[in-house]
Amino acid sequence: MIICKSPAELIIMDRCNKIVRKILRELGEMIRPGLTTKEIDRYAEERARQEGAVAAFKGYRGFPASICTSVNNQIVHGIPSERCSLKEGDIISLDFGILMDGFYGDAAITYPVGRISETAKKLIEVTKGALMTGIEHAKSGERISDISHAIQCYAQARGFSVVKEFVGHGIGSALHEDPQIPNYGEPGRGPEISNGMVLAIEPMINAGTDEVLIENDGWTAVTKDGELSAHFELSVGIKNGRPWILGEE
């Protein structure tokens, strides 16, 4: 069941997402060779607490950390570790969420670590572009799969593949709500988009194959061919028939 939010609830969710995106920006300023992913995790959890929020992922379905830190060929759900130090040329995807005032915020971004390859630069640019293209279709009268189709076409036209195993989702008083939002598919299918929906749209785009493996920790998803992957996510409310990117400054 899709739960549409009232104007007042959308305002609360905007505040939640402002905090998420502020913390992700702060983390971006910290990213450097030698930084461990566990240091990133500690910072994110402490900053959420300082903002009067709770880090949403910690303990969620057993996830052991406050933020997902996915490096290079890790697609999503990477677990922070003292043993994982960033290196020059890496890319890192940070997926972070909070709970505050009964509602969730959720966003993700991929950062470069120092100087990165041209392929990595293009992958990051295309993944962000795919997200923004998908958001353009988050408006009244279109359907959920119109978002999916736009993301797939954008990425594939630029030589990249779309991860199919993981999807975007509705969000509100639960971290994951209906509807699911795949990053691929035919247009004109699924629920019709309407005012009050809040959609966490999150393309995960690979430089090589779209095939995925799960590592032995049971969480970390990696590209089967070892090629790079990038991830961007924004929570988007539908207001006056148009997409409202929550947390936008």
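Per our numbering, the sequence shown starts with residue 211, numbered consecutively.
From the three backbone atoms N, C-alpha and C, an ideal C-beta is built for every residue, glycine too.
### Task
Flag this pair as touching only if the region 429 to 442 and the region 395 to 406 have three or more C-beta atom pairs under 8 angstroms; answer yes or no.
Contact fails: fewer than three Cβ-Cβ distances are below 8 angstroms.
### Message
Strictly under 8 angstroms for the Cβ-Cβ distance: is A263 near chain B by that measure?
### Response
This model lacks chain B altogether; it includes just one protein chain.
### Query
Within the chosen definition, does the region 273 to 283 reach the region 367 to 380 through at least 3 CB pairs nearer than 8 angstroms?
Short answer: they don't touch.
### Message
Looking at the strands, I want to know which residues DSSP matches up with I433.
### Response
By one-based count along the sequence shown, residue 433 stands at place 223. According to the sequence shown, residue 433 is Thr rather than Ile. According to DSSP, which records beta bridges pairwise, T433 is partnered with V422.
### Query
So what's G344 in DSSP terms, helix, strand or just coil?
The residue given as residue 344 occupies position 134 in the sequence shown. When DSSP states are grouped into helix, strand and coil, G344 belongs to the helix group.
### Task
Could you tell me if P389 is buried or exposed, where buried requires 16 or more neighbouring beta carbons within 10 angstroms of its beta carbon?
Here residue 389 refers to the residue found at position 179 when the sequence shown is read from its first residue. When all chains shown are included, P389 counts as buried.
#### Entry: Extent of the continuous beta strand (DSSP E) to which L309 belongs
Translated into positions along the sequence shown, residue 309 becomes position 99. Under the DSSP assignment, L309 falls in the beta strand (DSSP E) whose first and last residues are 301 to 310.
### Query
How big is the Cα-Cα spacing for E387 and D311?
The sequence position of residue 387 within the sequence shown is 177, counting from 1. The sequence position of residue 311 within the sequence shown is 101, counting from 1. Rounded to the nearest angstrom, the two C-alpha atoms are 17 angstroms apart.
### Message
Using the three-state DSSP reduction, which class does H441 fall into: helix, strand or coil?
### Response
Here residue 441 is taken as the residue at index 231 of the sequence shown, counted from 1. H441: strand per DSSP, three-state reduction.
#### Entry: Assigned exposure category for S355 - 16 Cβ within 10 Å defines buried
Residue mapping note: residue 355 aligns to position 145 of the sequence shown, counting from 1. Looking at its Cβ environment, which holds 16 or more other Cβ atoms inside 10 Å, S355 is buried.
### Query
If you draw a straight line from the alpha carbon of T419 to that of A218, how long is it in whole angstroms?
The residue given as residue 419 occupies position 209 in the sequence shown. The residue given as residue 218 occupies position 8 in the sequence shown. Computed Cα separation, rounded: 43 angstroms.
### The beta strand (DSSP E) enclosing L409, as first and last residue numbers
For the purposes of this step, residue 409 is taken as the residue at position 199 of the sequence shown. Element bounds for L409: 408 to 411.
### Task
Starting from C294, follow its DSSP beta bridges and name the residues at the other end.
Taking the sequence shown and counting its residues from 1, one reaches residue 294 at position 84. Bridge partners of C294: none, in fact.
### Query
Which one of I308, I415, P392 has the shortest CA to CA distance from S383?
What you label residue 383 is simply residue 173 of the sequence shown in a count that begins at 1. Nearest C-alpha to S383: I308.
### Message
I'd like to know whether the C-beta atoms of I233 and F306 end up nearer to each other than 8 angstroms.
### Response
Numbered from 1 along the sequence shown, position 23 holds the residue referred to as residue 233. Numbered from 1 along the sequence shown, position 96 holds the residue referred to as residue 306. Inclusion of I233 and F306 in the CB contact set at 8 angstroms is warranted, their separation being smaller than that value.
### Cβ contact (3+ pairs, closer than 8 angstroms) linking the region 240 to 252 and the region 434 to 450
The region 240 to 252 is not in contact with the region 434 to 450.
### Query
Given G351, which residues of its chain have a CB within under 8 angstroms of its CB, disregarding the five upstream and five downstream residues?
As a working mapping, residue 351 is identified with position 141 in the sequence shown. Within the same chain, Cβ atoms closer than 8 angstroms to the Cβ of G351 are found at E402, I403, G451, the five residues on either side in sequence being excluded.
### Whole-number beta carbon distance between I212 and G315, since they are thought to touch under 8 angstroms
Position 105 of the sequence shown holds residue 315. Position 2 of the sequence shown holds residue 212. By a beta-carbon distance limit of 8 angstroms, G315 does not contact I212. Their separation comes to about 19 angstroms.
### Query
Where does P392 land, buried or exposed, given buried means 16+ other C-beta within 10 angstroms?
To locate residue 392, count along the sequence shown from 1; it is residue 182. Label assigned to P392: buried.
### Query
What's the gap between the Cα of L341 and the Cα of E443?
Numbered from its first residue, the sequence shown carries residue 341 at position 131. Numbered from its first residue, the sequence shown carries residue 443 at position 233. The alpha-carbon separation between L341 and E443 amounts to approximately 7 angstroms.
### Given L237 as reference, the closest of E396, G299, V323, E292 once Cα atoms are compared
For the purposes of this step, residue 237 is taken as the residue at position 27 of the sequence shown. Selection E396, G299, V323, E292 evaluated against L237 yields V323 as nearest (Cα-Cα).
### Among R257, H359, A263, nearest to I222 - alpha-carbon criterion
By one-based count along the sequence shown, residue 222 stands at place 12. Nearest option by C-alpha distance: A263.
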